[in-house]
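Written below as structure tokens is the structure these notes are about.
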Amino acid sequence: EAGVAQSPRYKIIEKRQSVAFWCNPISGHATLYWYQQILGQGPKLLIQFQNNGVVDDSQLPKDRFSAERLKGVDSTLKIQPAKLEDSAVYLCASSSNAGTRAFFGQGTRLTVV
Amino acid sequence: KQEVTQIPAALSVPEGENLVLNCSFTDSAIYNLQWFRQDPGKGLTSLLLIQSSQREQTSGRLNASLDKSSGRSTLYIAASQPGDSATYLCAVPYSGGGADGLTFGKGTHLIIQP
């Protein structure tokens, strides 16, 4: 069974630029999550989708971050404009449904300079 | 707001020792707790998931316990090996409203010396 796929693996951008991350969840998984992990910290949930609807985005900085999951499969997370403090690993995870075990991708490491 | 604390932040022990990692959480209204492993530059791998009705789960040399009333969990690693070196994270889900994203601790960075 293929795992959660994320791209790119690494990205370096200058502050005030925009960036987008892509996630392809495990086939058939209805629930998709994006987490932000700053160096030395545990992952922090940014947004949770159930199919193509948002279940929770209370910790998403909506002035600069946006996410979508069109057609309830792939998802993209965008930052515009990026700040230095956005440097982190962005992890995508999926589960067959809310309340079941989630599987994580390898993440995208973002460096903002 | 749920907060998860892990102690110690880092641990270095010789190969072969048994060790215990600790996790505490502030809101005991959880329906499960997970322990994850994270290797450098990689995503998270779920090691053990304990339902709130259970007191412990075992997988190989790993044993996790859960005491909801006191807001604590421990991960016991028996006969540690250099391959166990990684960061271990404890996490509990949100509750209610259909959202079940996880709240994580900062992790315990474990080094097993050959």
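Going down the list, the sequences are from chains A and B. When we follow our numbering, the leftmost residue of the first sequence carries the number 1, and every step to the right adds one. When we follow our numbering, the leftmost residue of the second sequence carries the number 1001, and every step to the right adds one. Even for Gly, the Cβ is constructed at its ideal location relative to N, Cα and C. Treat the numbers as computed from the prediction; the structure is a model and nothing was measured.
Extent of the continuous beta strand (DSSP E) to which residue i belongs
i: B/Leu1044; result: 1044 to 1051
i: A/Lys44; result: 44 to 50
i: A/Asn24; result: 19 to 24
i: B/Asp1067; result: 1062 to 1067
i: B/Ser1059; result: 1056 to 1059
i: A/Ala5; result: 5 to 7
i: B/Ser1024; result: 1019 to 1025
i: B/Leu1102; result: 1102 to 1104
i: A/Val113; result: First-last for A/Val113: undefined, no H or E at that position.
i: B/Tyr1031; result: Per DSSP, B/Tyr1031 belongs to no beta strand (DSSP E) and is neither H nor E.
Three-state secondary structure assigned by DSSP to residue i
i: A/Lys71; result: helix
i: B/Leu1075; result: strand
i: A/Asp86; result: helix
i: A/Gly53; result: strand
i: B/Pro1082; result: helix
i: B/Gly1109; result: Gly is not the amino acid found at residue 1109 of chain B; the sequence shown has His there. Three-state DSSP puts B/His1109 in a strand.
i: B/Leu1006; result: One point to set straight first is that residue 1006 of chain B is Gln, not Leu, in the sequence displayed. Note: B/Gln1006 maps to strand in three-state DSSP.
i: A/Arg16; result: coil
i: A/Arg101; result: coil
i: B/Val1013; result: strand
i: B/Tyr1088; result: strand
Buried versus exposed call for residue i [16 or more other C-beta atoms within 10 Å across all chains shown]
i: B/Pro1008; result: exposed
i: B/Gly1060; result: exposed
i: A/Thr111; result: exposed
i: B/Pro1040; result: exposed
i: A/Gln6; result: buried
i: B/Gly1101; result: buried
i: A/Gln50; result: buried
i: B/Gln1081; result: exposed
i: A/Gln36; result: buried
i: B/Val1020; result: exposed
i: A/Arg101; result: exposed
i: A/Asp63; result: exposed
Assumed close pair residue i, residue j - CB separation to whole angstroms, cut-off 8 Å
i: B/Gln1178; j: B/Leu1048; result: Outside the modelled stretch of chain B, which goes from 1001 to 1114, sits residue 1178 of chain B, for which no answer is possible.
i: A/Gln80; j: A/Ser18; result: 4 Å
i: B/Tyr1088; j: B/Leu1066; result: So it is not a contact: roughly 15 Å between Cβ atoms.
i: B/Ala991; j: B/Asn1018; result: A question about residue 991 of chain B goes unanswered here, because the residues of chain B that appear run from 1001 up to 1114.
i: A/Ser66; j: A/Cys92; result: So it is not a contact: roughly 15 Å between Cβ atoms.
Contact residues within the region 56 to 72 of chain A, judged by C-beta distance below 7 Å to chain B: Taking 7 Å as the upper bound on Cβ-Cβ separation, chain B lies near residues Asp56 of the region 56 to 72 of chain A.
Looking at chain B, which residues of the region 27 to 55 of chain A have a Cβ within less than 9 Å of any of its Cβ atoms? Hits within the stretch, in order: Thr31, Tyr33, Tyr35, Gln37, Gly40, Gln41, Gly42, Pro43, Lys44, Leu45, Leu46, Ile47, Gln48, Gln50, Val55.
Going along the chain, which residues of the region 3 to 22 of chain A sit with their C-beta nearer than 7 Å to a C-beta in chain B? Against chain B - using a Cβ distance shorter than 7 Å - the region 3 to 22 of chain A contributes no residues.
At a CB distance below 7 Å, what residues from the region 89 to 107 of chain A approach chain B? Give them in sequence order. Against chain B - using a Cβ distance shorter than 7 Å - the residues of the region 89 to 107 of chain A are Leu91, Ala98, Gly99, Arg101, Phe104, Gly105, Gln106, Gly107.
Residues of the region 1035 to 1063 of chain B whose Cβ lies closer than 7 Å to any Cβ of chain A, in chain order: So the list reads Lys1042, Gly1043, Leu1044, Ser1046, Leu1049, given in the order they occur along the chain.
Would you list, in chain order, the members of the region 1101 to 1113 of chain B that have their beta-carbon closer than 8 Å to a beta-carbon of chain A? If you check each beta-carbon in the region 1101 to 1113 of chain B against every beta-carbon of chain A, the ones closer than 8 Å belong to Gly1101, Leu1102, Thr1103, Phe1104, Gly1105, Lys1106, Gly1107.
Taking only beta carbons into account, state which residues of the region 1063 to 1082 of chain B come closer than 9 Å to chain A, listed in chain order. For the region 1063 to 1082 of chain B, which is checked against every Cβ of chain A, not one residue is closer than 9 Å.
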